[in-house]
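In UniProt numbering, the protein residues as written are 1 to 205.
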């Protein structure tokens with residue numbers, strides 16, 4: 001098996017390691033990185049989208065954001081023994097967990113996709129290169145206001161991209177999927193990851 005210089009941890013949504021995460025894992029692997037998707041729910045079953053309310057209740061009561069951060073940080077530290085760089089990419093609640101993981105010097109880069117709960121943690125200052133992707137049409141969050149608040153912080157490591165889609169627009173298994181916007185967002189992610197790859201190679205030369 002080919003050994004890559006960079007690993008990325010994929011942090012799932014409230015539904016667990018479902019078909020969306022499996023497809024995203026496959027897609028990210030094509031960028032020339034090793035991809036791991038730990039199951040924060042600690043079971044083999046993922047929730048369906050029809051079980052959103054139950055899945056959310058389970059996440060809040062049994063996992064939570066800080067516990068999720070602890071679990072992902074443990075994976076980061078383990079992978080840092082094997083890889084030059086370790087990044088984290090998360091979706092929805094996973095994006096907020098990723099954002100919180102970026103407040104220390106443990107990981108090397110962060111990507112968060114439609115993490116509306118970041119609004120509760122705007123005081124977090126990224127300690128590594130961070131790309132946030134937002135959907136403008138969030139039911140539970142005023143995204144333009146959130147982005148303005150983050151940009152006012154002038155965090156040096158932070159890059160923000162907004163798209164005129166709904167929560168889940170990158171998910172081909174969601175009713176909110178928008179293929180055009182998803183491809184555009186994935187291009188930004190690819191460019192961001194490739195930059196981390198090139199910097200890794202430069203540091204090794």
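Glycine included, every Cβ here is placed at the ideal spot set by N, Cα and C.
Everything numeric in this text was worked out from a predicted model, so none of it was measured.
Check	Outcome
Quick one: what's got a C-beta closer than 7 Å to residue 104's C-beta in the same chain, skipping five residues either side?	127
Do you know offhand how far residue 158's Cα is from residue 45's?	35 Å
Please tell me whether residue 34 and residue 197 are closer than 8 Å, where the distance is taken between their beta carbons.	no
Measure from the alpha carbon of residue 195 to the alpha carbon of each residue in 150, 110 and 141, then state which is nearest.	110
Please give me, in chain order, every unbroken run of the alpha helix (DSSP H) with length at least 4 that falls completely inside the region 52-116.	52-62, 65-79 and 93-101
Smallest Cα separation from residue 199: which of 89, 119, 38 and 85?	85
Do you know offhand how far residue 161's Cα is from residue 120's?	19 Å
Helix or strand or just coil, what does DSSP make of residue 173?	coil
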